[in-house]
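Q:
Number of protein chains: 2
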Amino acid sequence: MLLHLPSVERLIEAFRRLPGVGKRSAERFALHLLAAPEEDAIELGKAILEARRRVRRCTRCGNLAETDPCEICTDEKRDRSVLCVVERPAGVIALEGSGGFRGLYHVLHGVISPLDGVGPDDLRIDKLITRVKEEGIREVILATNATVEGENTALYISHLLEPLGVSVTRIAHGVPMGSGLEYADGVTLTRALAGRTKI
Amino acid sequence: MLLHLPSVERLIEAFRRLPGVGKRSAERFALHLLAAPEEDAIELGKAILEARRRVRRCTRCGNLAETDPCEICTDEKRDRSVLCVVERPAGVIALEGSGGFRGLYHVLHGVISPLDGVGPDDLRIDKLITRVKEEGIREVILATNATVEGENTALYISHLLEPLGVSVTRIAHGVPMGSGLEYADGVTLTRALAGRTKI
Chain C
461 MLLHLPSVER LIEAFRRLPG VGKRSAERFA LHLLAAPEED AIELGKAILE
511 ARRRVRRCTR CGNLAETDPC EICTDEKRDR SVLCVVERPA GVIALEGSGG
561 FRGLYHVLHG VISPLDGVGP DDLRIDKLIT RVKEEGIREV ILATNATVEG
611 ENTALYISHL LEPLGVSVTR IAHGVPMGSG LEYADGVTLT RALAGRTKI
Chain G
461 MLLHLPSVER LIEAFRRLPG VGKRSAERFA LHLLAAPEED AIELGKAILE
511 ARRRVRRCTR CGNLAETDPC EICTDEKRDR SVLCVVERPA GVIALEGSGG
561 FRGLYHVLHG VISPLDGVGP DDLRIDKLIT RVKEEGIREV ILATNATVEG
611 ENTALYISHL LEPLGVSVTR IAHGVPMGSG LEYADGVTLT RALAGRTKI
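Chains C and G, in that order, are what the protein sequence lines are. One point on numbering: in our numbering, the residue at position 121 of the first sequence is 581, and numbering is uninterrupted. One point on numbering: in our numbering, the residue at position 70 of the second sequence is 530, and numbering is uninterrupted.
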């Protein structure tokens, strides 16, 4: 509807595909780019095309990278015997941001979800098995999300890894740090109780 | 910080310049585009460059358009004797969306704001005076925003238009339709009372 200009409507449609962007936000973005200095708009357009052209998946770990293998896979200072399995590159970013992990990653690019038509063969699970066999992995940490699909995927992978004689662990789930019991939901509290450890 | 990839950091910086987009949203947008089908990312990048290339300001009214003069300026079915002055193209979109105005527009592309270094000469005010003189305008409706700057700009323009013998009006300000007195602020209520009309 905005100004009835075909190129602007096309732009709004493209913006609406971004996560959490509705009609109003998309219109605001479009209008901003048309009113802003021309360089700003051209910079964003080119940055998108450039990033998409340069960023590829690392063929080893599946993480997003400009080099293949990626910087994490080739970092000799990291513990190459521990592999952390995550659903998406966002998981790698979150864990790297925490600074709490110094091993290598394996990105599945999804979870097993029969309702969405995603089976084990659609994920990078075979690649994970190959890595565990060939790279001398000692421990695999399953850090898929705490959803039904994430839990099931972790369980499925753990069954596949069992015969390989590798240690398979799952990240802990419980009350978030800095938060109180009264803010946690029932499922989280149940998990927090079941996962209690000795002090 | 995201993945430490130069092209991705450049993309995040570009996204952050959009209105209302912070660091987290920009990262989410970037990650989405890198994970989404390649066509989606390319479509957004191209749509931005294309819109910015095609959309220009109408030299007559200042509104955004792909043609010059724009579709509204050349629409013979509109009332060519009434001119509505707005701050930005967003104002035209809002008024067109309401369907309540069938005259022509004049977009100032800003307001007089000494604190931001914007004076009358930085706006399309001289162009407005020329149009009123040459186009047989009967009435000028000042629809700048209900802010201090918008009010001052309206006052400034009304003084300039006074000697030209044209009717100068200001849009009404008051309680929004569908809203109650208890939700309106004091300034709005004062304006609503001062602007009361006979039933």
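Yeah, the Cβ is synthetic: ideal placement off N, Cα and C, and Gly gets one too.
#1: Going by beta carbon distance, what residues of the same chain come within less than 6 Å of Gly610 of chain G, once the five residues before and after it are set aside?
#2: Give a yes or no on whether the C-beta atoms belonging to Val546 of chain C and Leu564 of chain C are separated by under 8 Å.
#3: Given this structure, state the Cα-to-Cα distance separating Glu655 of chain G from Leu575 of chain G, to the nearest angstrom.
#4: By the criterion of Cβ-Cβ separation under 7 Å, what are the contact partners of Ile502 of chain G in chain C?
#5: So with Cβ pairs under 8 Å, would you call Phe475 of chain G a contact of chain C?
#6: Considering only residues of the same chain and omitting the five flanking positions on each side of Val515 of chain C, which have a CB-CB separation below 8 Å?
#7: Could you confirm whether any beta carbon from chain C is found closer than 8 Å to the beta carbon of His633 of chain G?
#8: Can you give me, in chain order, the residues of the stretch 619 to 644 of chain G that have a beta carbon less than 7 Å from any beta carbon in chain C?
#9: So with CB distances below 7 Å, who are the chain C contacts of Ser467 of chain G?
#10: Quick one: what does DSSP say His569 of chain G is sitting in, helix, strand or coil?
#11: If you drop the 5 nearest sequence neighbours on each side, which residues of the same chain put their C-beta closer than 8 Å to that of Val578 of chain G?
#12: Could you list which residues in chain C have their beta carbon closer than 9 Å to that of His464 of chain G, in chain order?
#13: Does chain C have any CB closer than 8 Å to the CB of Met461 of chain G?
#14: Taking Cβ positions, are Ser618 of chain G and Arg598 of chain G nearer each other than 8 Å?
#15: Going straight from the alpha carbon of Met461 of chain G to that of Asp539 of chain C, what length do you get?
#16: Under 8 Å: do the stretch 549 to 557 of chain G and the stretch 488 to 499 of chain C share three or more Cβ pairs, one atom per stretch?
#17: Roughly how many angstroms lie between the CA atoms of Gly675 of chain G and Glu498 of chain C, to the nearest whole one?
#18: Per DSSP, which one or two residues make a beta bridge with Ala525 of chain G?
#19: If you compare alpha carbons, which of C:Leu494, C:Arg651, C:Glu531, C:Leu602 is closest to Glu622 of chain C?
#20: Looking at the C-beta of Glu498 of chain C, does it have a partner C-beta in chain G at a distance below 8 Å?
#21: Just reading off the beta strand (DSSP E) that Ser639 of chain G is part of, what are its end residues?
#22: Buried or exposed for Gly559 of chain C, please, with buried defined as at least 16 other CB atoms from any protein chain shown within 10 angstroms of its CB.
#23: Is it buried or exposed for Val468 of chain C, if we count other Cβ within 10 angstroms and need 16 for buried?
#24: Identify, in the order they occur along the chain, each residue of the same chain with its Cβ nearer than 7 Å to the Cβ of Glu473 of chain G, setting aside the five sequence neighbours on each side.
#25: For a test of the three-state rule: what should DSSP assign to Thr590 of chain G, helix, strand or coil?
#26: Identify the residues that DSSP records as bridge partners of Glu510 of chain C: which are they?
#27: Chain G partners of Leu588 of chain C, CB-CB under 8 Å?
#28: Tell me, please, whether the CB atom of His566 of chain G is closer than 8 Å to any CB atom in chain C?
#29: In the DSSP assignment, the beta strand (DSSP E) including Val628 of chain C goes from what residue to what residue?
#30: Contact check, Ala614 of chain C vs Val635 of chain C under 8 Å by CB: the rounded distance?
#31: Could you tell me whether any Cβ in chain G is nearer than 8 Å to the Cβ of Pro479 of chain C?
#32: Could you tell me which of C:Ala507, C:Leu478, C:Asp581 sits nearest to Pro466 of chain G, measuring between CA atoms?
#33: If we define contact as Cβ-Cβ less than 8 Å, is Gly646 of chain G a contact residue for chain C?
#34: If we cut at 8 Å on Cβ distances, does Val600 of chain G have a partner in chain C?
#35: Which of the three DSSP states is assigned to Glu487 of chain C in this structure?
A: The structure says:
#1: Here residue 610 of chain G refers to the residue found at position 150 when the second sequence is read from its first residue. Val571, Thr604, listed in sequence order.
#2: Counting from one through the first sequence, the residue named residue 546 of chain C turns up at place 86. Counting from one through the first sequence, the residue named residue 564 of chain C turns up at place 104. Result no, Cβ atoms of Val546 of chain C and Leu564 of chain C do not sit closer than 8 Å.
#3: By one-based count along the second sequence, residue 655 of chain G stands at place 195. By one-based count along the second sequence, residue 575 of chain G stands at place 115. Here residue 655 of chain G turns out to be Gly, not Glu, going by the sequence shown. About 30 Å.
#4: Sequence index remark: in the second sequence, residue 502 of chain G carries index 42 (1-based). Chain C residues near Ile502 of chain G: Leu509, Arg512.
#5: Stepping through the second sequence from its first residue, residue 475 of chain G is reached at position 15. Answer yes: the Cβ-Cβ gap between Phe475 of chain G and chain C drops below 8 Å somewhere.
#6: Here residue 515 of chain C corresponds to residue number 55 of the first sequence, with the count starting at 1. These residues qualify, in order along the chain: Leu524, Ala525, Glu526.
#7: Looking up residue 633 of chain G in the second sequence gives position 173. For His633 of chain G, the answer is no, since every Cβ of chain C falls outside 8 Å of its Cβ.
#8: none
#9: Numbered from 1 along the second sequence, position 7 holds the residue referred to as residue 467 of chain G. By Cβ distance, chain C contributes Glu510, Ala511, Arg514, Val515, Glu526.
#10: Numbered from 1 along the second sequence, position 109 holds the residue referred to as residue 569 of chain G. In this structure, His569 of chain G counts as coil in the three-state DSSP scheme.
#11: In the second sequence, residue 578 of chain G corresponds to position 118, counting from 1. Only Gly570, Val571, Ile572 meet the Cβ criterion.
#12: Your numbering for residue 464 of chain G matches position 4 in the second sequence. In chain order: Glu531, Glu556.
#13: Residue mapping note: residue 461 of chain G aligns to position 1 of the second sequence, counting from 1. Note on Met461 of chain G: pLDDT 44, under 50, position unreliable in the model; no value is reported.
#14: Along the second sequence, read from residue 1 onward, the residue named residue 618 of chain G stands at position 158. Along the second sequence, read from residue 1 onward, the residue named residue 598 of chain G stands at position 138. Cβ distance not < 8 Å, so Ser618 of chain G and Arg598 of chain G don't count as in contact.
#15: Against the second sequence, residue 461 of chain G aligns to sequence position 1. Against the first sequence, residue 539 of chain C aligns to sequence position 79. In this prediction, Met461 of chain G scores a pLDDT of 44, lower than 50, which makes its location untrustworthy; no coordinate-derived value is stated.
#16: yes
#17: Past the edges of chain G, shown from 461 to 659, lies residue 675 of chain G, and the structure says nothing about it.
#18: Numbered from 1 along the second sequence, position 65 holds the residue referred to as residue 525 of chain G. Per DSSP, G:Arg516.
#19: Here residue 622 of chain C refers to the residue found at position 162 of the first sequence. Nearest C-alpha to Glu622 of chain C: C:Leu602.
#20: Translated into the one-based positions of the first sequence, residue 498 of chain C becomes position 38. Yes, its Cβ sits closer than 8 Å to a Cβ of chain G.
#21: One-based indexing of the second sequence puts residue 639 of chain G at position 179. From DSSP, Ser639 of chain G is part of no beta strand (DSSP E); its letter is neither H nor E.
#22: Within the first sequence, numbered from 1, the residue matching residue 559 of chain C stands at position 99. Classification for Gly559 of chain C: exposed.
#23: Residue numbering aside, residue 468 of chain C sits at position 8 when the first sequence is read from its first letter. Looking at its Cβ environment, which holds 16 or more other Cβ atoms inside 10 Å, Val468 of chain C is buried.
#24: Taking the second sequence and counting its residues from 1, the one referred to as residue 473 of chain G is at position 13. Correct list: empty, nothing qualifies.
#25: Start at 1 with the first residue of the second sequence, and residue 590 of chain G comes out as number 130. The answer is helix: DSSP assigns Thr590 of chain G an H, G or I state.
#26: In the first sequence, counting from the first residue as 1, residue 510 of chain C sits at position 50. In DSSP, Glu510 of chain C forms no bridge with anything.
#27: Within the first sequence, residue 588 of chain C is the residue found at index 128, counting from 1. Near Leu588 of chain C there are no residues of chain G at all, since even the closest Cβ is about 19 Å away, more than 8 Å.
#28: Residue 566 of chain G sits at position 106 when you count from the first residue of the second sequence. By this cut-off, His566 of chain G is not an interface position.
#29: Translated into the one-based positions of the first sequence, residue 628 of chain C becomes position 168. Start and end: 627 to 630.
#30: Numbered from its first residue, the first sequence carries residue 614 of chain C at position 154. Numbered from its first residue, the first sequence carries residue 635 of chain C at position 175. In fact, because the Cβ distance is near 20 Å, the residues do not count as touching under 8 Å.
#31: One-based indexing of the first sequence puts residue 479 of chain C at position 19. Taking Cβ atoms only, chain G reaches closer than 8 Å to Pro479 of chain C, which makes this a yes.
#32: Locating residue 466 of chain G in the second sequence gives position 6, counting from the first residue. Out of C:Ala507, C:Leu478, C:Asp581, C:Ala507 has the C-alpha closest to the C-alpha of Pro466 of chain G.
#33: Mapped onto the second sequence, residue 646 of chain G falls at position 186. Output row for Gly646 of chain G: interface = no.
#34: Numbered from 1 along the second sequence, position 140 holds the residue referred to as residue 600 of chain G. Taking Cβ atoms only, chain C never reaches closer than 8 Å to Val600 of chain G, which makes this a no.
#35: Position 27 of the first sequence, counted from the start, is the residue given in the question as residue 487 of chain C. DSSP places Glu487 of chain C in helix when its eight states are reduced to three.
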